[in-house]
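Structure record follows, encoded as structure tokens.
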Amino acid sequence: MCRRVNCSKCGKPTWAGCGQHVNQVLAGVPKAKRCSCAETGFDSKFKKSLTKGWLGRVLGS
263 MCRRVNCSKC
273 GKPTWAGCGQ
283 HVNQVLAGVP
293 KAKRCSCAET
303 GFDSKFKKSL
313 TKGWLGRVLG
323 S
């Protein structure tokens, strides 16, 4: 399940979690007011972590 969090860079709302509930979590936030830190925001780090297996995420490799 996803949850709303604030971006550590811009402070705007974004999401954390599985990625399947983003629209539900950010439903009350206009798109113009959401985080758009594509390369450095939380979303990008999360999506990059999906390309690794669980062991790679744990070990940080």
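With our numbering applied, the sequence shown covers 263 to 323.
C-beta atoms are modelled at their ideal positions from N, C-alpha and C, and glycine is treated no differently.
Among the candidates 264, 289 and 298, whose CA atom is the shortest distance from the CA of residue 279?
264
For residue 288, which residues in the same chain have their Cβ closer than 7 Å to its Cβ, ignoring the five residues on either side in sequence?
266, 275, 277 and 296
What number of angstroms, rounded off, separates the C-alpha of residue 299 from the C-alpha of residue 268?
Straight through space, the alpha carbons of residue 268 and residue 299 are spaced by roughly 11 Å.
Starting from residue 291 and walking both ways along the alpha helix (DSSP H), at which residues does that stretch end?
Careful: residue 291 lies outside any alpha helix (DSSP H) and carries neither H nor E.
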